[in-house]
Amino acid sequence: MSEHRVNLTINGRRHAATVEARMSLGDYLRDEAGYTGVHLGCEHGVCGACTVIVDDRAVRSCLILAVQADGAEVTTAEGLADSDGTLHPVQQVMREEHALQCGFCTPGIVMTLAALTGGQDKADEATLMNSLSGHICRCTGYQGIRRAARRLAAEPGT
Amino acid sequence: MNAPQLPQGLGAARYIGQRVLRKEDPRLLTGRGQFVDDISLPGMLHCAFARSPIARGNIVSIDTSAAKDMPGVHAVYTQADLAHFNAQMLSFFLLPPEVEITPLAGSRVCYVGEPLALVVADSRALAEDAASLIEVEYEELDPVVTLADARAGPPIHPGTSDNVSAEMGDEELDDDLAATLNGAAHLVMHKVVHQRISQAPMECRGVVATRDGNEELTLWITCQSPHMIARWVSLSLGLPQTAIRVIAKDVGGSFGLKNHPWKEEVSVILAALLFGRPLKWIEDRYEALTTSNQCREAEMTLQAAFDAEGHLLASHGDYACNNGANPQGPDNNIAVHMFLWAAYKMPAYAFLTRGYYTNTMGLAAYRGPWALESLIRETLLDKAARKIGIDPVEIRRRNLVTLKDQPSVSSMGIPREDITPAECMEKLLQHFDLAAFRKEQVAARAEGRYLGFGLATYVEPTGSAGSMPVMTGELAQIRIEPTGKVTATMSTHSQGHGTATTMAQIIADRLGVAYEDVTVFEGDSARGGFSPGAAGSRQGVIGGGAAISAADLLAAKVKTIAAHLLNASAETITINGGMVHVAGAPEMSRKLGEIAAIAYGEPDRLPPGCESGLEVQHRYQPPPMTFTSAAHACVVEVDAETGFVKILRWISSEDCGTVINPAVVEGQISGGLAQAIGMVLLEEMPFDARGNPLAATFKDYLLPAISDIPEFEFVHANTPSQALGGMRGVGEGGAIIGPPTLVNAIADALSPFGELPDTLALPLTPTKLLSVIEGRDLTAHSAPAPVVVSADVPASEPAPAAAAPAGEVRVEGAWDMVLKTPMGPQGMVVTFAIVGSAVSGRFDSPEGTQEFSGGTLEEGRVRFDLKVEKPMKITLKYDLQFDGDSVSGKCKMGMFGSAKVSGTRKV
Ligand code: FES
Ligand code: FES
Chain P
511 MSEHRVNLTI
521 NGRRHAATVE
531 ARMSLGDYLR
541 DEAGYTGVHL
551 GCEHGVCGAC
561 TVIVDDRAVR
571 SCLILAVQAD
581 GAEVTTAEGL
591 ADSDGTLHPV
601 QQVMREEHAL
611 QCGFCTPGIV
621 MTLAALTGGQ
631 DKADEATLMN
641 SLSGHICRCT
651 GYQGIRRAAR
661 RLAAEPGT
Chain W
124 MNAPQLPQGL
134 GAARYIGQRV
144 LRKEDPRLLT
154 GRGQFVDDIS
164 LPGMLHCAFA
174 RSPIARGNIV
184 SIDTSAAKDM
194 PGVHAVYTQA
204 DLAHFNAQML
214 SFFLLPPEVE
224 ITPLAGSRVC
234 YVGEPLALVV
244 ADSRALAEDA
254 ASLIEVEYEE
264 LDPVVTLADA
274 RAGPPIHPGT
284 SDNVSAEMGD
294 EELDDDLAAT
304 LNGAAHLVMH
314 KVVHQRISQA
324 PMECRGVVAT
334 RDGNEELTLW
344 ITCQSPHMIA
354 RWVSLSLGLP
364 QTAIRVIAKD
374 VGGSFGLKNH
384 PWKEEVSVIL
394 AALLFGRPLK
404 WIEDRYEALT
414 TSNQCREAEM
424 TLQAAFDAEG
434 HLLASHGDYA
444 CNNGANPQGP
454 DNNIAVHMFL
464 WAAYKMPAYA
474 FLTRGYYTNT
484 MGLAAYRGPW
494 ALESLIRETL
504 LDKAARKIGI
514 DPVEIRRRNL
524 VTLKDQPSVS
534 SMGIPREDIT
544 PAECMEKLLQ
554 HFDLAAFRKE
564 QVAARAEGRY
574 LGFGLATYVE
584 PTGSAGSMPV
594 MTGELAQIRI
604 EPTGKVTATM
614 STHSQGHGTA
624 TTMAQIIADR
634 LGVAYEDVTV
644 FEGDSARGGF
654 SPGAAGSRQG
664 VIGGGAAISA
674 ADLLAAKVKT
684 IAAHLLNASA
694 ETITINGGMV
704 HVAGAPEMSR
714 KLGEIAAIAY
724 GEPDRLPPGC
734 ESGLEVQHRY
744 QPPPMTFTSA
754 AHACVVEVDA
764 ETGFVKILRW
774 ISSEDCGTVI
784 NPAVVEGQIS
794 GGLAQAIGMV
804 LLEEMPFDAR
814 GNPLAATFKD
824 YLLPAISDIP
834 EFEFVHANTP
844 SQALGGMRGV
854 GEGGAIIGPP
864 TLVNAIADAL
874 SPFGELPDTL
884 ALPLTPTKLL
894 SVIEGRDLTA
904 HSAPAPVVVS
914 ADVPASEPAP
924 AAAAPAGEVR
934 VEGAWDMVLK
944 TPMGPQGMVV
954 TFAIVGSAVS
964 GRFDSPEGTQ
974 EFSGGTLEEG
984 RVRFDLKVEK
994 PMKITLKYDL
1004 QFDGDSVSGK
1014 CKMGMFGSAK
1024 VSGTRKV
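Heads up: the sequence lines are chains P and W, in that order.
The working numbering puts the first residue of the first sequence at 511, with every later residue one more than the last.
The working numbering puts the first residue of the second sequence at 124, with every later residue one more than the last.
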């Protein structure tokens, strides 16, 4: 199995590693870099639990290889809140709207919403709902997730 | 949203009833949860399984040499290596299975995906590589896959005479019942075929196992109660329960699947004991879909007779479920029959119920395992309403038990004291203008749009305790620290339920402290005490009661100490905002922490005889069962071009008593409803004729997404229950009442095309609905589908009836017998004493000894009654036929119908 050198930034910290060619970014983030907030729910690109932000875009980390993230800036759910514990606006709204139960799908949903509401051109409600249809939550019946997305679409950009 | 009403005397409700933010969320939102796969231990290695590619066959040989030789592989184990542990597989009720189930397959395989070797390697990837190198030679046999196969095919398990895993009820229809059914003005027959479902929690199963020294074992494992796992594993391995520590801080959903370990988890635990280093196995989604226990596959035929006005007269149900090869319990789902008509005025009901073994993945529990009763009853009622020509609301009004009809007992012996399905329905109708909808429906049909209204009502048994050994009360241990902080260890467990939040709300409320100052710890068998955790919608009811009683005991102690210290009388003391106050003397107020510091550190200052410290524990024993009631309604539009169903509106009117946190209650109902919508429209785990599971990814097994689920509206009715605090369970209801609500709406929408097929087979895919739409002439609006009217019970197998005389038979002496009870087979030794034709004797079982007398012997046929007190008062009527050294027959168990008995002479 061939091995490759990768350098990337995760949650603002630099990481250098040697990884097998077949290692997914998700496995690398969890098992090598220690960001276990990246959850693997299917490893075939359907559930969305593994979503992280790679260079400002929400990406399913089970569908890209660690080597493909060489040179990239990666953000996981661990990297969103302030160091004093203040939640990111997406996290805060999700908490207020009771958008989670077991919390397994949650980091992926947080990252998709953060990617789509964080930049200059904030997505509208329809775009958020479409994007969320790529996330499976088995617990909540999506009620709080929908309310949170609506609020985020309505609130002024961050 | 209604303000929650609280039962008399339940605190000032500062927190109970509020949408308090959850304690669990900051951790989970920031990726700091602790799930099994997040655990890494020094020296830990990884496991993968080699699995059977065939559904039924004998194992000729297993060659693991190539796998063992692979670099990075440390060990490969087969059942031959694990056998010496003699690990006993157990059901949820901690009973051994009646057929042989081993952690890894031994000499035979009985379903596709059955694990037969476990590889230990440096990484999961290497372990999987090595598992693919294991060569197995099989002697393949034809599999038994469907219920029809199971009835006709050869027994799949050696040592059994057929594939019936459990059976109860009566095969012959009682004459009176048959006469009522046949003579009724309307007899409606309805059949439901429920597909197999995958519980599919978003976190797959997993375990990290490490042997600590010679006799201790630590497990991180996906579960519904760490205490339950510790007890199960200790019984399975013959170790003391305290030697096994089970940690499960966060679990990513379970829904019944993770009640207790099964073959894979046990194999990993045994391998860790053998290998001596920590081992991890994390199931991937392919394994989870195809080789985790599945659920639900069953079919049922229900007949119900009505008088000319639509009042229920009598009913008969015939149920069968496909348990697979190695089910967690070889169930016949007796609960289906117990609760089928519990909310209705149904004078007479009889049933036949069977579970079958097949060469498919074994079944386990899933949210409301008996839910088929509500699906078939509520869809039958709508069908009957159309036939009789009355409204779906009206047929329920005429038949539901109302508060005025209580207390009363259902025809199956279920006591009804405070169920409110009728009241929930009336409340629901205040929020939905049915007359207006009917107008809209007519107008829409004129435009070729098919709208439908669906209604369903039900009751659900929750908070069950005291009738089965594992269904215990719940424990709360609460401590006020000298810091003023309150900590509690509870026997509850959350896989998303939010018990750390709801229990803290109760404790804060009852103690008079801030919610922020209360922390609840659970998820570790080293803390708290036993309970089965999230099983049977019990934690809010029983855990809540425990939190109330422990907090009240602690508050009383604080008041006693404070009164003594402040020279006041205890009645004048109140606790509020973490402060102790004396009525009329604000200057005497003290911080709770100060009282605590004295209670722990200066026992001399305490009242005489007062134990030092401020910590109490209480195990709350609730009433045996607490009912939750509900009525739901939804509106759908079915696209006649595509067969797609769009849900336009959904209203839940649920009576779950005192609501601790409306957001948590609504979350439970919503999650169950989403699963219900999945079951009706999307989800299916099919098998091909060779027993291969055909849904191996989330592209084949369709889970509902946000776009499939409407917004739910909630109407909370709040009739406090008789449990302390007045709560009623709410964990399963959505998954039970959701399916009939939606099916009824679809049937209503498509009524211009006629009835849905006589056999309702889920899921109702667009293709199936199109066949209904296209199979009918659109102009033939008024011709309903013919209803099959028959009072015959569908063909049944001959009973091991006690009929044929068998010559001279020696009955005297001891016999090993097995009674197939609803909870699983129960072994006992029965000793008979015969005097002439009089029979007396004794039963010996692990539950104790019981004597009987007054029986009769006639040509090898022995009949006698046995009165038992536990788990409930019931007279068992045995009717046994002895033949040589074997005995068979049945035991009539009151309202439970009959159960099979078999046995051999004790040697
Ligand atoms: S784990 Fe990546 S989409 Fe499911
Ligand atoms: S909260 Fe459990 S899967 Fe979404």
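Glycine included, C-beta positions come from ideal geometry on N, C-alpha and C.
- Non-local C-beta neighbours of valine 564(P) in its own chain, meaning closer than 7 Å and more than five positions away in sequence, comprise Ala579, Ala582 and Val584, ordered along the chain.
- For alanine 786(W), the C-beta contacts it makes with chain P under 7 Å involve His608, in order along the chain.
- By the Cβ criterion, the region 565-578 of chain W is in contact with the region 857-873 of chain W, since at least three pairs of Cβ atoms, one from each stretch, lie closer than 8 Å.
- Closer than 8 Å to the CB of isoleucine 563(P) there is not a single CB belonging to chain W.
- These are the residues, in chain order, with a beta carbon less than 6 Å from any non-hydrogen atom of ligand 1: Leu550(P), Gly551(P), Cys552(P), Glu553(P), Gly555(P), Val556(P), Cys557(P), Gly558(P), Ala559(P), Cys560(P), Arg570(P) and Cys572(P).
- Around arginine 515(P), the same chain offers Thr528 as residues with beta carbons nearer than 6 Å, after the five sequence neighbours per side are excluded.
- Of all C-beta pairs linking the region 789-806 of chain W to the region 852-860 of chain W, three or more are shorter than 8 Å, placing the two stretches in contact.
- For alanine 559(P), the residues of chain W that pass the 8 Å Cβ criterion are Met325, in the order they occur in the chain.
- Around the C-beta of asparagine 517(P), fewer than 16 other C-beta atoms lie within 10 Å, and the residue is accordingly described as exposed.
- Between ligand 2 and phenylalanine 614(P), a heavy atom-to-CB distance of less than 7 Å is present.
- Under the criterion of beta carbons closer than 8 Å, alanine 673(W) and isoleucine 601(W) qualify as touching, at roughly 5 Å.
- A contact between stretches requires three or more CB pairs, one per stretch, nearer than 8 Å, and the region 339-353 of chain W fails this requirement with the region 446-461 of chain W.
- The C-beta distance from valine 259(W) to glycine 814(W) rounds to 17 Å, too long to fall under 8 Å, and the pair is not in contact.
- For tryptophan 355(W), the enclosing alpha helix (DSSP H) begins and ends at 349-360.
- Using beta-carbon distances, arginine 145(W) counts as an interface residue toward chain P, with a partner under 8 Å.
- Here the alpha carbons of proline 219(W) and glycine 700(W) stand approximately 51 Å from one another.
- Contacts with chain W (Cβ-Cβ distance below 9 Å) from the region 521-553 of chain P involve Glu530, Arg532, Met533, Asp537, Arg540, Asp541, Gly544, Tyr545, Thr546, Gly547, Val548, His549, Leu550, Gly551, Cys552 and Glu553, listed in chain order.
- Listed along chain W are Ala828, Ile829, Ser830 and Asp831, each with a C-beta nearer than 9 Å to that of serine 643(P).
- Short of 7 Å from the beta carbon of leucine 300(W), and not among the five residues preceding or following it, lie these beta carbons of its own chain, in chain order: Ala437, His439, Ala471 and Ala473.
- Residues of the same chain with a CB within less than 6 Å of the CB of leucine 737(W), apart from the 5 flanking positions on each side, are Ile603, Ala719 and Ala722 in chain order.
- Around the Cβ of proline 584(W), a 10 Å sphere holds 16 or more other Cβ atoms; the residue is buried.
- Inclusion of arginine 851(W) and threonine 749(W) in the CB contact set at 8 Å is warranted, their separation being smaller than that value.
- At a cut-off of 7 Å, the beta-carbon of glutamine 322(W) does not count as near ligand 2: no heavy atom of the ligand is closer than that.
- Contact between threonine 820(W) and histidine 554(P) holds, since their C-beta atoms are separated by about 5 Å, short of 8 Å.
- Taking a 10 Å sphere around the C-beta of histidine 207(W), we find fewer than 16 other C-beta atoms and assign the residue as exposed.
- Interface annotation, serine 793(W): in contact with chain P, CB-CB separation under 8 Å.
- Chain W has a Cβ within less than 8 Å of the Cβ of glycine 613(P).
- Contacts with chain P at 8 Å (Cβ-Cβ) include proline 149(W).
- Between ligand 2 and glycine 547(P), a heavy atom-to-CB distance of less than 7 Å is absent.
- Note on threonine 269(W): 16 or more other CB atoms within 10 angstroms of its CB, so buried under the neighbour-count rule.
- Taking C-beta separations shorter than 7 Å and ignoring five residues to either side along the sequence, the partners of serine 976(W) in its chain run Ser963, following chain order.
- Contact between alanine 421(W) and asparagine 445(W) holds: CB atoms are separated by about 7 Å, below the 8 Å threshold.
- Under DSSP, threonine 944(W) forms a beta bridge with Gly947(W).
- Excluding the 5 residues flanking it on each side, proline 176(W) has same chain C-beta neighbours closer than 8 Å at Val235, in chain order.
- Per DSSP, reduced to three states, the secondary structure at tyrosine 234(W) is coil, with no helix or strand assignment.
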